[in-house]
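**Q** Residue numbers (this note's numbering): 5 to 329. Dropping the structure in here first, questions after.
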């Protein structure tokens, strides 16, 4: 649990996922058991009952709670119980729309980063003129070193291969200009590291070119990435609302509905935390049921593709070349 309308949103999203997936998917809901059961009763068992279970986690993580202290102070919260259940091997993936900071801190302390990964990062998918783009880091780390951003690129490469189906993804570095000599010290050093790596590095990408689709994975520090993401979401909402306001009934045309679908962040579901020893997907607190359903799809695909194992292989290939020293 964790959305603004919990548990209704999570329950509806989970039921939608179960009803639209194959028989291998099983879902465990973490939260107040009584509240979840009350919500489930509204659906009159219109889902495969044997594939959904509940784990009682009555404590709630509040906005004012320190993310670093949640693990110790609220051990019966859905975030803590869920991550520990994942660590014990009883789950294949964990999804939460609760406090992003608490999920990140809990994942780092409970699951631990993969060997060789300095700082895990958040990857989020946004649409471009040529298809989806993976932006990372989207908010996990605000001050990054060149070798950490190079790691982000390696993790992003694997995600693009496994979940986006891109065999040799193009890696770009978000910067204030396309020229190699542009940027601050971190950007300059990161550019050189990526240029000499085995990655398919296509150079610097300016902010005005992000949506052109000139790369598949865009690397930046979490401060910049989060600002870019939030700005994109606000612009997408602005454009959608503007069309609906100005066009009225005409905005319901098939073509415009497709545009609205492309701009809708709920289509991507959630943002994976890349680089920890397990599949963890973070959702918006304001996520609707569709976003939860799609986040479950992202997690399911990550598990089936063995994404975490591929992360290990990718980081090992960097380490062998001394890239992260």
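For glycine and all other residues, C-beta sits at the position ideal for the given N, C-alpha and C. Because the structure is a prediction, the values reported are computed rather than measured.
How is residue 16 classed by DSSP in three states: helix, strand or coil?
**A** In the chain shown, residue 16 corresponds to position 12, counting from 1. Note: residue 16 maps to helix in three-state DSSP.
**Q** Is residue 87 helix, strand or coil when you go by DSSP?
**A** As a position in the chain shown, residue 87 is number 83, starting the count at 1. Residue 87: helix per DSSP, three-state reduction.
**Q** How far does the beta strand (DSSP E) with residue 60 in it reach, from first residue to last?
**A** Start at 1 with the first residue of the chain shown, and residue 60 comes out as number 56. From DSSP, the beta strand (DSSP E) with residue 60 extends over 56-60.
**Q** Quick one: Cα of residue 174 to Cα of residue 88, how far?
**A** The sequence position of residue 174 within the chain shown is 170, counting from 1. The sequence position of residue 88 within the chain shown is 84, counting from 1. The alpha-carbon atoms of residue 174 and residue 88 are separated by roughly 35 Å.
**Q** Can you list the beta strand (DSSP E) stretches of 3 or more residues lying completely in the segment 176-224, in chain order?
**A** Counting whole runs of 3 or more residues, the segment 176-224 contains the beta strand (DSSP E) stretches 204-209 and 221-223.
**Q** Mind checking if residue 145 is an interface residue toward chain D, Cβ cutoff 8 Å exclusive?
**A** Absent here is chain D; the protein component of the structure consists of one chain.
**Q** For residue 40, which of helix, strand or coil comes out of DSSP?
**A** Position 36 of the chain shown, counting from 1, holds the residue named residue 40. Helix at residue 40.
**Q** Which of the three DSSP states, helix, strand or coil, is assigned to residue 131?
**A** One-based indexing of the chain shown puts residue 131 at position 127. In the structure shown, residue 131 sits in a strand (DSSP, three-state: E or B).
**Q** If you measure between the beta carbons of residue 38 and residue 11, is that distance less than 8 Å?
**A** For the purposes of this step, residue 38 is identified with residue 34 of the chain shown, where counting begins at 1. For the purposes of this step, residue 11 is identified with residue 7 of the chain shown, where counting begins at 1. No; because the gap between Cβ atoms is not below 8 Å, this pair is not in contact.
**Q** Run through DSSP, which three-state label would residue 124 get?
**A** Stepping through the chain shown from its first residue, residue 124 is reached at position 120. Residue 124 falls in the coil class under three-state DSSP.
**Q** For residue 329, which residues of its own chain have a beta-carbon under 6 Å away from its beta-carbon, when the five flanking residues on both sides are left out?
**A** One-based indexing of the chain shown puts residue 329 at position 325. Any reading at residue 329 is ruled out, since the residue's pLDDT is 43, under 50, leaving its predicted position unreliable.
**Q** Just to check my reading of the structure: residue 125 and residue 140 have Cβ atoms closer than 8 Å, yes? What is that Cβ distance to the nearest angstrom?
**A** Numbered from 1 along the chain shown, position 121 holds the residue referred to as residue 125. Numbered from 1 along the chain shown, position 136 holds the residue referred to as residue 140. Sure, about 5 Å apart at Cβ, within 8 Å.
**Q** Does DSSP put residue 171 in a helix, a strand or coil?
**A** Within the chain shown, residue 171 is the residue found at index 167, counting from 1. Here residue 171 sits in coil by DSSP.
**Q** To the nearest angstrom, report how far apart residue 318 and residue 257 are at their CA atoms.
**A** For the purposes of this step, residue 318 is taken as the residue at position 314 of the chain shown. For the purposes of this step, residue 257 is taken as the residue at position 253 of the chain shown. Distance between the alpha carbons of residue 318 and residue 257: 45 Å.
**Q** Apart from the five residues just before and just after residue 2, which ones in its own chain have a Cβ nearer than 6 Å to its Cβ?
**A** No information on residue 2 is available, as it lies outside the stretch 5 to 329 that the chain covers here.
**Q** If we count the other Cβ atoms within 10 Å of its Cβ and call it buried at 16 or more, is residue 179 buried or exposed?
**A** Counting from 1 along the chain shown, the entry for residue 179 is found at position 175. Per the 10 Å Cβ criterion, buried.
**Q** Given 8 Å as the limit, is there contact between the segment 104-123 and the segment 152-172, that is, 3 or more CB pairs closer than that?
**A** Touching, yes, given that three or more Cβ pairs across the two stretches are closer than 8 Å.
**Q** Checking the sheet assignment: what are the DSSP bridge partners for residue 32?
**A** As a position in the chain shown, residue 32 is number 28, starting the count at 1. Partner(s): 57.
**Q** According to DSSP, is residue 24 helix, strand or coil?
**A** Your numbering for residue 24 matches position 20 in the chain shown. Reduced to three states, the DSSP call for residue 24 is helix.
**Q** Does DSSP classify residue 101 as helix, strand or coil?
**A** Numbered from 1 along the chain shown, position 97 holds the residue referred to as residue 101. Of the three classes helix, strand and coil, the one that applies to residue 101 here is coil, per DSSP.
**Q** Give the single residue among 5, 99 and 73 whose Cα lies nearest to the Cα of residue 276.
**A** Mapped onto the chain shown, residue 276 falls at position 272. Checking every option, the nearest Cα to that of residue 276 belongs to 99.
**Q** Would you say the segment 183-190 touches the segment 232-250, given that touching needs at least three Cβ pairs under 8 Å?
**A** Contact fails: fewer than three Cβ-Cβ distances are below 8 Å.
**Q** Since residue 21 and residue 297 should fall inside the 8 Å C-beta cutoff, what is the C-beta to C-beta distance between them, to a whole number of angstroms?
**A** For this step, residue 21 is matched to residue 17 along the chain shown. For this step, residue 297 is matched to residue 293 along the chain shown. Yes, they are in contact, since the Cβ atoms of residue 21 and residue 297 sit about 5 Å apart, within 8 Å.
**Q** Compare the beta carbon distance of residue 229 and residue 207 with 8 Å and say whether it is the shorter of the two.
**A** One-based indexing of the chain shown puts residue 229 at position 225. One-based indexing of the chain shown puts residue 207 at position 203. Not closer than 8 Å, so no.
**Q** For a quick check, are the C-beta atoms of residue 302 and residue 273 less than 8 Å apart?
**A** If you number the chain shown from 1, residue 302 lands on position 298. If you number the chain shown from 1, residue 273 lands on position 269. Yes, they are a contact pair.
**Q** Check whether the Cβ atoms of residue 33 and residue 14 lie closer than 8 Å to each other.
**A** Residue mapping note: residue 33 aligns to position 29 of the chain shown, counting from 1. Residue mapping note: residue 14 aligns to position 10 of the chain shown, counting from 1. Cβ distance < 8 Å, so residue 33 and residue 14 count as in contact.
**Q** Please classify residue 82: does DSSP put it in a helix, a strand, or coil?
**A** By one-based count along the chain shown, residue 82 stands at place 78. Three-state DSSP puts residue 82 in a helix.
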